[in-house]
Amino acid sequence: MNRSSFSAASRFFSLVRIDRRDFLRRSALAAGACVAGSGIAQTADERPKNPDVTVLNPRGRVPVSLIIDDSTVLVNLNRFAMPQFDAVHRGANPIYQRNWREWPAEIPDSFVRRFAEWSAENGVKGKYSVVPFPACVGRLDRMLPGWSQQDLSDSIKLVREAMLPNWDIHPEMLTHTRIIDTKTGHPFPEVSPKFMENWEWTTGRSADEIAEYMAYALRILKNVGLPCEGITTPGGFGKKARPQMIEAVYQAVHEVFGTEIPNYFTDLWTEPGKSVAPVVQGVAGLDGPNPRCTVYIPGCTGDWTGGWDCITPAGADKFITADGQHGRMVDVIASGEPALMFGHWTGIYFNGYELGFKIFDEVVQRLRKRFDNLVWMKLSEIARYWAARELTHIDLVADGLAFRAPFACGDFTLRWKGAPSQAPTLIAGDSHTELKQVNAPLKLAPGTWCADGEYSIACVALPKGESKLRTAS
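Structure below.
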């Protein structure tokens, strides 16, 4: 996009507006009538349409995030996963024959602490997997052979205290390798793709079966005090059982943690022009007391930081070049859709060389230098925003805008044509909150509004249920 060819106002709206029907149409995941056997509609036709009002990105900014896979407590996961993958393929795939014996068994807490401090200092947020039974080494709520109970307790405490403020925790299923028999707690004896989480186990299984397995993983994390609002799937888990997986994610996360808006990560889309917007799925009960949905959140980059198997990394330029003009993140940010980077924890640590960490640090500095319109968000925050964006009913009424929201949203940002005749006031029951005027869209924060040509933009803490933004007497 040639940014210099647009006025400031046009540039702002080209970055932040996303048409709901367009991105739903472009996403194959949003197509289809119902989740099999559940009666939960996924079509856009039943959702509220607000032709006179545009819901913008949060605070008029482009969400960015960092999705980290293959992380857990202490265990350098893929040092232990590699021989298990090789056994499944009977030594026929050279990818799984690297010299894993030379890799360290542990990713130390000192590195986790430095990474957590770096993310806090730079405002970086995202999703951090914690595999509950990593490569069958041991359960985090029981013991990790090779480490003391104090080691295990201290490491979990570090994740809880240092990572949780800026990072969502997801189980990346249960082991990331062998399927566990949830009745015995042991791996199934068969060593084949059919009994590996990364491959075929979910094919042909019901939503209830998949949900039971997910819930088993979630309960381990609950037992050690790590809250979860979503699921990450390893490899091909669920790829051939998409409808069942959508329902299973909701069942498991809602059952174990009571999460209102579960989310899941399973795909990376790096093709130019392909939408990477979140998709709100499994929608039901919008007009009742218990609305429900699940939000699918894809990543937009490949792993260019060293990979799960510590290969030579592609480097920062794949994300954003040094001059800030090119790269996958530049392209996605220009589209206005969430730009969610991806990397494996094992490659970020890179067997102690920290190559991936250095690359991400460079990328974050380049993004800061190039853009002033980004907002770092956790996946749960993105999921909540997209659910509110997609499912809130908005009507233009005589004295302003009336909302009927199935979910609350802290920084709900919307635009409508015209200027208010008085300071906009958010009314919810007996609460009246007058919005403060700011002089530019990028200064928006919850409880503010601004004029922009013939339009008005407001950012409000949208409550669940009915409320109103009064703009006229």
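Using the working numbering, the first residue of the sequence shown is number 1, and each one after it goes up by one.
Quick reminder that beta carbons are idealized off the backbone N, C-alpha and C, glycines included.
All figures in this text were calculated on a predicted structure; none of them were measured in a lab.
Cα separation between residue i and residue j?
i, j, result
"Leu391", "Ala461", "16 Å"
"Gln422", "Pro63", "31 Å"
"His186", "Ile382", "36 Å"
"Ala41", "Tyr250", "Residue confidence for Ala41 is low, a pLDDT of 37 falling below 50, so the modelled location carries little weight; the figure read from the coordinates is stated next. When rounded, the distance between both Cα atoms is 14 Å."
"Gly39", "Asn122", "Bear in mind that the predicted position of Gly39 carries a pLDDT of just 31, short of 50, making it too unreliable to give a figure here."
"Glu337", "Lys274", "11 Å"
"Ala28", "Gln281", "Here the model assigns Ala28 a pLDDT of 34, short of 50, so the residue's position is not dependable, and the following value carries that caveat. When rounded, the distance between both Cα atoms is 12 Å."
"Trp416", "Phe80", "55 Å"
"Trp376", "Lys125", "6 Å"
"Ile169", "Ser155", "14 Å"
"Ile68", "Trp345", "6 Å"
"Asp411", "Asp372", "18 Å"
"Ser119", "Asp109", "15 Å"
"Asp52", "Arg59", "19 Å"
"Lys240", "Arg205", "10 Å"
"Ile333", "Ile246", "27 Å"
"Phe403", "Leu164", "32 Å"
"Ala458", "Thr312", "46 Å"
"Asn351", "Gly230", "28 Å"
"Gly225", "Arg114", "22 Å"
"Tyr455", "Ser65", "29 Å"
"Gln325", "Leu374", "16 Å"
"Lys468", "Ala408", "13 Å"
"Val159", "Gln84", "27 Å"
"Cys450", "Lys436", "8 Å"
Going by C-alpha to C-alpha distance, which of the options sits closest to residue i?
i, options, result
"Thr305", "Lys358, Ala217, Val253, Pro289", "Lys358"
"Asp395", "Val364, Pro441, Glu466", "Glu466"
"Met510", "Pro441, Ala105, Ala248, Phe360", "Any question about residue 510 goes unanswered here, given that the chain covers just 1 to 473."
"Thr175", "Val137, Trp376, Ala387", "Val137"
"Gly453", "Pro463, Ile333, Asp430, Gly418", "Gly418"
"Gly538", "Ser473, Glu362, Pro441", "Nothing can be reported for residue 538, as the shown portion of the chain is limited to 1 through 473."
"Asn198", "Ser380, Met82, Asp52", "Met82"
"Ile180", "Ile210, Asp154, Ser153, Arg160", "Ile210"
"Cys310", "Gln97, Gly230, Ile169", "Gln97"
"Ala494", "Ala405, Pro234, Leu340", "Residue 494 lies beyond the residue range present for the chain, which begins at 1 and ends at 473; the question has no answer from this structure."
"Thr184", "Ser65, Ala162, Ala207, Tyr216", "Tyr216"
"Thr54", "Asp141, Leu226, Arg389", "Arg389"
"Glu255", "Arg242, Cys228, Ala241", "Cys228"
"Arg178", "Met196, Ala428, Phe360", "Met196"
"Phe133", "Phe85, Lys157, Ala87, Asp70", "Asp70"
"Ala314", "Leu355, Ile333, Gly324, Cys300", "Leu355"
"Thr233", "Asn223, Ala408, Gly324, Ser129", "Ser129"
"Pro272", "Leu435, Ile220, Ser335, Leu56", "Ser335"
"Thr72", "Pro48, Ile107, Thr471", "Ile107"
What distance in whole Å lies between the Cβ atoms of residue j and residue i, which are believed to be in contact at a cut-off of 8 Å?
i, j, result
"Thr413", "Thr425", "Actually they do not touch by this definition, with Cβ atoms about 17 Å apart."
"Leu77", "Val131", "6 Å"
"Leu144", "Leu74", "6 Å"
"Trp100", "Lys127", "The Cβ separation is near 26 Å, so there is no contact."
"Thr202", "Phe237", "6 Å"
"Arg292", "Gly285", "6 Å"
"Ala405", "Pro463", "7 Å"
Should residue i be labelled buried (16 or more other beta-carbon atoms within 10 Å of its own) or exposed?
i, result
"Tyr213", "buried"
"Arg90", "exposed"
"Pro104", "exposed"
"Val35", "Note that Val35 scores 36 on pLDDT, short of 50, meaning its location in the model is unreliable; the coordinates nonetheless yield the value given after this. Counting Cβ neighbours within 10 Å, Val35 comes out buried, since at least 16 surround it."
"Leu442", "exposed"
"Ala445", "exposed"
"Ala135", "buried"
"Ser431", "exposed"
"Lys378", "buried"
"Asp363", "The residue asked about is misnamed: residue 363 is Val in this sequence, not Asp. It counts as buried."
"Asp267", "exposed"
"Glu102", "exposed"
"Cys142", "Note on identity: in this sequence residue 142 is Arg, with Cys being the wrong assignment. Exposed: under 16 other Cβ atoms inside 10 Å."
"Tyr349", "buried"
"Glu161", "exposed"
"Ala92", "exposed"
"Pro94", "exposed"
"Val397", "exposed"
"Gly429", "exposed"
"Glu117", "exposed"
"Tyr385", "buried"
"Ser153", "exposed"
"Pro171", "buried"
"Asn57", "buried"
Closest Cβ-Cβ distance between residue i and chain C: below 8 Å?
i, result
"Ala402", "No chain C is present in this structure, which holds just one protein chain."
Within 8 Å, do at least three Cβ pairs link the region 178 to 191 to the region 147 to 166?
no
I'd like to know if the region 367 to 378 and the region 312 to 327 are in contact, where contact means that at least 3 CB-CB pairs between them fall below 8 Å.
yes
Please determine if the region 252 to 265 and the region 293 to 311 are in contact, where contact requires at least 3 C-beta pairs separated by less than 8 Å.
yes
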